[in-house]
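Note sheet for the following structure.
Numbering (my numbering), first residue to last: 115 to 554.
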């Protein structure tokens, strides 16, 4: 949105009528370009409805294009262009098209704009639940210690390296877009940029044709899911201590912030596990098997209920939902009828695919429709370098530590560590958190 769309005009001012008239005429002109002759006797309210319908139609056609592009990539095994990257490219084209049609930002293209709340409460839950529900639990728990090292302690290492160095450079005026008097702002940036989202890497590594090493896939997959939850908890913890009026964080606040981080993580896991066991108990002691459509519907609602409960309790919905999915796949599968079992797997897989496509599509449109006020190329380059450095100190020292407790035939080799280093792509979680970033 530009300043024109947010401008308020006093009631009764003649400018109001003139502005509304211009907007209505512009909207009618755009509709007429797409559907000639359709606006000969159309009312302004109907014009707005027509415009929203055209925007929705454009979004659906774009999503269809993304899914077909993903199909083409799978069929022709184009590994150099992951499905997520293809969706982002389509989003860039869509954003460029809207910018071309509306260079002055007169029209309301909010349907094509990224909304953090829609992302966290609508698009993210199916992705996380499907990840936990379809997880290979044997490989995950076999490498659970190493995954926790990377996801929890590695994310904290990366956060403090990126945040600390950013604050140091801001203090020396090398970076000017970060508040040099408030360390919490730098730590918030460090937390959000440490959220890795290697969907593109996993989409390639998960291809059956490549026969990817199961240890590597388990480590990348497990770390990516838990890391997202850890990064969000860290971000929200730092956000509680962020105060523009009182920028100095007291030394006594650091232990309490770390304690809050660990207790939120633990309680989130407990909430997800408890609700998963409660759901399994309900299915076990009922006759829901006789009504497959109710089985699938309730499973879908319990999924969102777990996420909403954790978020309402100010815990981590991602962590709770991931462990909830694992518990349900282990304890509740035997309680489902064959029809509900097959339907649930396909429904959640489909929802996750559509949600991932929408997320990357919105990230692409953000190139043109994003609300960018300041762009600092120096911060961009430094942040990219710090991501590599933070990831380096996450993977290599912790891999050495993990190998001390692993059998000789289950060691994490150096080649695998290099892949893990470059598998830390930043994606939708970091983008959504950046939308909520406070400060100038």
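Every residue gets a Cβ at the ideal spot worked out from N, C-alpha and C, and that includes glycine.
Query                                                                                                                                                         : Result
Is it true that the CB of residue 306 sits closer than 8 Å to the CB of residue 551?                                                                          : yes
For the alpha helix (DSSP H) that contains residue 555, what are its first and last residues?                                                                 : This structure cannot speak to residue 555, because the chain is shown only from 115 to 554.
According to the Cβ coordinates, are residue 254 and residue 338 closer than 8 Å?                                                                             : no
What residue from 391, 401, 298, 381 has the CA that sits closest to residue 352's CA?                                                                        : 298
If you measure between the beta carbons of residue 289 and residue 496, is that distance less than 8 Å?                                                       : yes
What does DSSP give as the partner residue(s) for residue 540 in the beta ladder?                                                                             : 310
Let me know the secondary structure DSSP gives residue 519 once reduced to three states.                                                                      : coil
Decide yes or no for the touch test of the segment 520-529 against the segment 404-417: beta carbon pairs closer than 8 Å, at least 3 of them.                : no
Are residue 259 and residue 509 touching if we call contact CB-CB under 8 Å?                                                                                  : no
Where does residue 436 land, buried or exposed, given buried means 16+ other C-beta within 10 angstroms?                                                      : buried
Keeping to the same chain, check which residues put their C-beta closer than 6 Å to that of residue 118; ignore five residues upstream and five downstream.   : A caution first: residue 118 carries a pLDDT of 40, below 50, which makes its placement in the model unreliable, though a value can still be read off. Closer than 6 Å at the Cβ level, and outside the excluded window around residue 118, lies no residue.
Is DSSP giving residue 450 helix, strand or coil here?                                                                                                        : coil
Verify the contact flag: residue 297, CB atom, against every heavy atom of the ligand GDP, threshold strictly below 7 Å.                                      : With respect to the ligand GDP, the structure shown offers nothing to examine, as it has no ligands at all.
Am I right that residue 263 and residue 515 are in contact with their C-beta atoms under 8 Å? What's the rounded C-beta distance?                             : 7 Å
Between the alpha carbons of residue 398 and residue 343, how many angstroms are there, rounded?                                                              : 30 Å
Do the CB positions of residue 394 and residue 442 come within less than 8 Å of each other?                                                                   : yes
By Cβ distance, which residues of its chain are closer than 6 Å to residue 230, with the 5 residues on each side in sequence left out?                        : 546, 549, 550
Is it true that the CB of residue 489 sits closer than 8 Å to the CB of residue 205?                                                                          : no
Where do the ends of the alpha helix (DSSP H) carrying residue 489 lie?                                                                                       : Taken as a continuous stretch (DSSP letters only), residue 489 belongs to no alpha helix (DSSP H), as it is neither H nor E.
Using the Cβ count rule (16 or more neighbours within 10 Å means buried), how would you classify residue 175?                                                 : exposed
Do you know how far the Cα of residue 215 is from the Cα of residue 534?                                                                                      : 42 Å
For the alpha helix (DSSP H) that residue 432 lies in, which residues bound it at each end?                                                                   : 431-445
Under the rule that 16 or more other beta-carbon atoms within 10 Å means buried, what is residue 171, buried or exposed?                                      : exposed
Does DSSP put residue 182 in a helix, a strand or coil?                                                                                                       : helix
If contacts are defined as beta-carbon pairs under 8 Å, then residue 311 and residue 542 qualify, I think. What distance do you get, rounded to the angstrom? : 6 Å
In chain order, what residues of the same chain lie with their CB nearer than 6 Å to the CB of residue 454, ignoring the 5 residues before and after it?      : 406, 409, 410
Run the CB neighbour count on residue 197, radius 10 Å, all protein chains shown included, and call it buried at 16 or more, exposed below.                   : buried
Could you check whether residue 498 and residue 280 sit closer than 8 Å to each other, using their CB atoms as the reference points?                          : no
Does residue 350 come out as helix, strand or coil in the three-state DSSP assignment?                                                                        : helix
Helix, strand or coil for residue 216 per DSSP?                                                                                                               : coil
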